[in-house]
Amino acid sequence: MMDHINHLASRLTLDEQRTQMTLWSMAKSPLMFGGDVRKLYENATFDIITNPTLLEINHFSSNNSEVHLASGDETRAWIASGRAARRYT
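Below, the structure is given as structure tokens:
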């Protein structure tokens, strides 16, 4: 008998998943989860999708934009304003 394989599992590393969630939050994208939340307790994915800072950025930030850090440099950052004069980078 063939072992059950979850074909919908992410192939992203944990760091890539964190980066993706951060970018989605900074872009104020609608955040939806399509997995079985009953199986996420004490799981790294649960920690990522319930991260309070990322959820705050997604819900309450403003002026979200990309900025160049130095003239002639390819380095960029995303910056946003938060509640109570907070800044996110």
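Quick note: the UniProt record's numbering has the sequence shown finishing at residue 89, numbered continuously throughout.
We put the CB at the ideal spot given by N, CA and C, even for glycine.
Using the C-alpha atoms, what's the distance from residue j back to residue i?
i   : j   : result
T53 : D73 : 29 Å
E66 : E42 : 34 Å
D47 : L40 : 9 Å
I57 : Q17 : 17 Å
A44 : T13 : 11 Å
M1  : T89 : Bear in mind that the predicted position of M1 carries a pLDDT of just 44, short of 50, making it too unreliable to give a figure here.
S25 : W78 : 11 Å
R87 : D15 : 23 Å
A70 : S10 : 35 Å
R76 : A27 : 15 Å
F33 : S62 : 23 Å
I5  : H68 : Any reading at I5 needs caution, since the residue's pLDDT is 49, under 50, leaving its predicted position unreliable; the model's value is listed next. Near 43 Å, if we compare the C-alpha coordinates of H68 and I5.
With DSSP as the reference, identify every bridge partner of residue i, one or two as the case may be.
i   : result
S65 : I79
R87 : S81
Which residue's Cα is closest to the Cα of residue i: the options?
i   : options               : result
G82 : A70, L23 and N64      : N64
A84 : I49, S71 and F60      : F60
G35 : I49, A77, T89 and T13 : I49
Along the chain, where does the alpha helix (DSSP H) that runs through residue i open and close?
i   : result
M21 : L14 to M26
L54 : P52 to F60
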